[in-house]
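Taking this note's numbering, the leading residue of the sequence shown gets 51, the next gets one more, and so forth.
Ideal Cβ positions, reconstructed from N, Cα and C, are used throughout, including at glycine.
Contents: one structure, followed by commentary.
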Amino acid sequence: MEFQIVTPKRMSKIKAGRNLIVFYYRKDIAAVEAGIEDRKTDTGRMKISSPALTALDLLR
């Protein structure tokens, strides 16, 4: 499984068992913070892209 994370700094990929964590650099991350939602999962809380922000990313 691959997890994709957007960060304000450059980071290299991490392999954790059968999982791969890929980091994508975005210099203007503050501009999209309004489109990030906080969701509760079985393992804790995580920030994810809202449906509107995901749609905007797909249109770019």
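Exercise for review: Taking Ile55 and Ile71 to be in contact with their CB atoms under 8 Å, please state how far apart those CB atoms are, rounded to whole angstroms.
Suggested key: 6 Å
**Study point:** Bridge partner(s) assigned by DSSP for Ile79
**Key:** According to the DSSP secondary-structure assignment, Ile79 is paired through a beta bridge with no residue.
Point to revise | Cβ pair Leu108, Val82 closer than 8 Å | key: no
Exercise for review: Take Tyr75 and list the residues in its own chain whose beta-carbon comes closer than 6 Å to its own, dropping the five residues that flank it on each side.
Suggested key: Arg60
Exercise for review: Give me the Cα-Cα distance between Ala80 and Leu106, rounded to the nearest whole angstrom.
Suggested key: 16 Å
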